[in-house]
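Student: Here the sequence shown is numbered in the working numbering, starting from 302 and rising by one per residue. The beta carbon of each residue, even a glycine, is placed where N, CA and C say it ideally should be. Quick caveat: nothing in here was measured; it's all calculated off a predicted structure. Take a look at the following structure, please.
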Amino acid sequence: MLPIHEQFYTFQGEGVHAGRAAYFIRTFGCPVHCPWCDSAGTWHPDYIPEKIQKYSSEQLKNTVAETAAEFVVITGGEPTIHNLRPLCDALHSIDRPVHLETSGAFPIKGDVDWITLSPKRWKQPLAENVQAASEFKIIVDHLDAIEEYNSMLQELGANLATPIWLHPEWSQHRDQALLDHITEWIKTKGAPYRAGWQMHKNYAADLRDPRSAPAVPLGGKPEQGF
Ligand code: SF4
302 MLPIHEQFYT FQGEGVHAGR AAYFIRTFGC PVHCPWCDSA GTWHPDYIPE KIQKYSSEQL
362 KNTVAETAAE FVVITGGEPT IHNLRPLCDA LHSIDRPVHL ETSGAFPIKG DVDWITLSPK
422 RWKQPLAENV QAASEFKIIV DHLDAIEEYN SMLQELGANL ATPIWLHPEW SQHRDQALLD
482 HITEWIKTKG APYRAGWQMH KNYAADLRDP RSAPAVPLGG KPEQGF
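Below you can see the structure in the form of structure tokens.
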């Protein structure tokens, strides 16, 4: 059984697979504690609900099977604090690839088909995860963040051909200086850097599924969607 904060059927709003139909399973719990986390409902003491729903791999698989999702995204929170192997095996039994969104700070337990690794300075990723990543997502929360995470990934042996998405931290997504910095970085360096965006937030796509939980961002303005 896995503690699940929310699950919903939507499209992937970020990264290489953006725009594709995807079923999201958001697990409970995260020890990383980023100060601007946009999923604080999974871990912050002010938001933890009295009752946390648990689901078996079989239950989750059966729900996914009713959709046309091209793949399943297991996200969090930090999903790798849980043993994901039974869920991965169940999803593979219905031919749904498993995509993982992780900080990379903990060993991955389970066979996943795609790893989106978003490194966080508050708990560094493991080298084995950095080297296995399919894409990176750097959250640009200040002007030195790209340089900082770039050095971290290189020291940990990242494959230099792996796409590195540069996302404005969402509470600053209208900060023109930050956006200009990302633009200039990409224009100067070229590959593997790419400008990133959280398209699903503009569409409010996740919220169309009533099983999704209201966003609980830290450091943002929830009434404005960030
Ligand atoms: S942003 Fe991700 S890694 Fe950071 S606290 Fe939130 S869920 Fe954890």
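Residue 401 and residue 441: beta carbons closer than 8 Å?
Tutor: No. Outside cutoff.
Student: Smallest Cα separation from residue 305: which of 378, 506, 508?
Tutor: Looking at the Cα atoms, 378 is the closest of the given residues.
Student: Flag residue 379 as yes when its Cβ comes closer than 7 Å to any non-hydrogen atom of the ligand SF4, and as no otherwise.
Tutor: Because some heavy atom of the ligand SF4 lies under 7 Å away, the Cβ of residue 379 counts as near it: yes.
Student: Closer than 8 Å by C-beta to residue 496: which residues in its own chain qualify, once you throw out the five before and the five after it? Chain order, please.
Tutor: These residues qualify, in order along the chain: 466, 467, 483, 484, 487.
Student: Thinking residue 414 and residue 399 are a contact (beta carbons under 8 Å), I'd like their distance in whole angstroms, please.
Tutor: Confirmed, about 5 Å.
Student: Do residue 392 and residue 259 come within 8 Å of each other at the CB atom, strictly closer than that value?
Tutor: Not covered by the structure: residue 259. The range shown for the chain is 302 to 527.
Student: Go ahead and pull the three-state DSSP assignment for residue 532.
Tutor: Limits of the chain in this structure are 302 at one end and 527 at the other, which puts residue 532 out of reach.
Student: Looking at the unbroken alpha helix (DSSP H) that takes in residue 431, where does it start and where does it end?
Tutor: Its alpha helix (DSSP H) spans residues 428-433.
Student: For residue 397, which residues of its own chain have a beta-carbon under 7 Å away from its beta-carbon, when the five flanking residues on both sides are left out?
Tutor: The residues are 365, 370, 372, 373.
Student: Near residue 421, which residues of its chain fall below 6 Å by C-beta distance, leaving aside the five closest residues on each side in sequence?
Tutor: Cβ neighbours of residue 421 beyond the five flanking positions: 333, 335, 404.
Student: Assuming residue 501 and residue 311 are in contact, meaning their beta carbons sit under 8 Å apart, how far apart are those beta carbons, in whole angstroms?
Tutor: The Cβ separation is near 6 Å, so the contact holds.
Student: Note the first and the last residue of the continuous beta strand (DSSP E) segment covering residue 366.
Tutor: It is not in any beta strand (DSSP E) - residue 366 instead sits in the alpha helix (DSSP H) that spans 358-366.
Student: Quick check for students: name the residue ranges of the beta strand (DSSP E) that lie wholly in the stretch 432-491, counting only runs of 3 or more.
Tutor: The stretch 432-491 contains these whole beta strand (DSSP E) runs: 436-441, 465-469.
Student: Compare the C-beta of residue 407 against all C-beta atoms of chain D and say whether one is closer than 8 Å.
Tutor: Given the protein chain composition of this structure (a single chain), no chain D is represented.
Student: Examine the ligand SF4 and report whether any of its heavy atoms sits within less than 7 Å of the Cβ of residue 502.
Tutor: Outside the cutoff, so no.
Student: Identify which residue in 448, 321, 418, 476 has its Cα closest to the Cα of residue 569.
Tutor: Because the chain is modelled from 302 through 527, residue 569 falls outside the range shown and cannot be assessed.
Student: Can you find a heavy atom of the ligand SF4 that lies under 7 Å from the Cβ of residue 417?
Tutor: No, the beta carbon of residue 417 sits no closer than 7 Å to any heavy atom of the ligand SF4.
Student: Is there at least one non-hydrogen atom of the ligand SF4 closer than 7 Å to the beta-carbon of residue 343?
Tutor: Correct: residue 343 has its Cβ closer than 7 Å to the ligand SF4.
Student: Quick one: what does DSSP say residue 382 is sitting in, helix, strand or coil?
Tutor: Residue 382 falls in the helix class under three-state DSSP.
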